[in-house]
Structure formats: C-alpha cells, structure tokens
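Undergrad: With our numbering, letter number 84 in the sequence shown gets 194, and the count goes up by one each step, no holes.
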Amino acid sequence: MAQQLSVFLENAPGRLNRLANCLGEQEINMHALFVADTSDFGVARIICDRTEDAVKALREEGFSVTTTDVVAVEIPDTPGALGTLFTAIADAGIDISYSYCLVEPVTKKAVNFCRLKCPNAEEVIEAAGFRVLGDSVFHGM
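1. Just how far apart, CA to CA, sit Ile185 and Ala191?
2. Any contact of the segment 166-178 with the segment 125-140, i.e. 3+ C-beta pairs under 8 angstroms?
3. Spatial neighbours of Thr148 within its chain, please: CB distance less than 6 angstroms, with the 5 preceding and 5 following residues excluded, ordered by chain position.
4. Please give me, in chain order, every unbroken run of the beta strand (DSSP E) with length at least 3 that falls completely inside the segment 149-189.
5. In chain order, which alpha helix (DSSP H) runs of at least 4 residues are fully inside the segment 212-246?
6. Can you find the residues in the same chain that come closer than 8 angstroms, C-beta to C-beta, to Asp205, ignoring five residues on each side of it along the sequence?
7. Is the distance from the Cβ of Ala238 to the Cβ of Ala198 below 7 angstroms?
8. Within 6 angstroms: the Cβ of Ala231 and any heavy atom of the ligand MG?
9. Would you kindly work out how many angstroms separate the C-alpha atoms of Leu129 and Asp163, rounded to a whole number?
10. Tell me the DSSP secondary structure of Ala130 in three-state form.
11. Starting from the C-beta of Thr177, find all residues in its chain whose C-beta is less than 8 angstroms away, skip the five residues before and the five after it, and write them out in chain order.
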C-alpha cells in the first residue's frame, strides 16, 4: 500500500500553482500527480515522499486534504501489461474506484496506482505475477 493525498482545489487560476509551491517550499517531493476536475472544483491526487509533512503544510495553507491507501503496482512498460493487471483484478471481482500511472525513469518500469475496494487485493495482484510496492519505496526518491 501507498499513501495518497487527495487535495480539493477550487477551479481558479493559481490554485494548483500554490499547491505545488507549498510542497516545494517544504522540500516535499511529488512523485505522482493526477488532477481531475469538474466545473466547480478539482481533486489533485498526489504520491509524495513525506505524506504527513505534506498534509500539515497544505492544511496550514488552507487546503482541504485527506489521505487514502492506494495499491502501487509495478508493471512492465509494454503494450498490454496494464490490461493484464486489470483483467486479474476484474476476474477476482474487485472494483477499481480509480487508477493512474507513471513510468519510473530509472528502471523503465511503470507504476500503476489503484484505489481498490477489497481487503485482499494485494494478494490477488501478487498471485497474478505483479509486484506490489510498499509506501517506503517512494520515500527518499
């Protein structure tokens, strides 16, 4: 499992900029960022190296922040690999609330972050031959 920040943002110029600068001023490194929006607000989902410090800094800056456990899965950066992962999850009857990916530049492996509604999701994923990454892998990157 990895800890993810969910930060609610008004759809206004400069809000995402302020979020990024707030974390940067505290020397908190974002490893993954995904922003979804509606007409009124957006949600920034962030994987960073110092989750607790990030929550504190963002709340002090007036942001609404929650933390969520997500499953971080290492997958090959090849066509079809993500589909294979999603097939294993679907075949186990597990619902994917949302998902986003990044490619780790050093290993050239992809990391997919999934919010899954299942207590044994990690076992299902590992049984399908994928490596689940713990939160500690993102610290000190």
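Beta carbons: idealized from backbone N, C-alpha and C, even for Gly.
TA: So, from the listed chains and residues:
1. 6 angstroms
2. The segment 166-178, when compared against the segment 125-140, does touch it at the 8 angstroms Cβ threshold.
3. none
4. 151-158, 174-186
5. 231-237
6. Leu226, Lys227, Cys228
7. yes
8. The ligand MG is not part of the structure shown, which contains no ligands of any sort.
9. A straight-line Cα-Cα distance of about 13 angstroms links Leu129 and Asp163.
10. helix
11. The beta carbon of Thr177 lies closer than 8 angstroms to those of Gln113, Gln114, Leu115, Ser116, Thr161, Val165 in the same chain, with the five residues before and after it left out.
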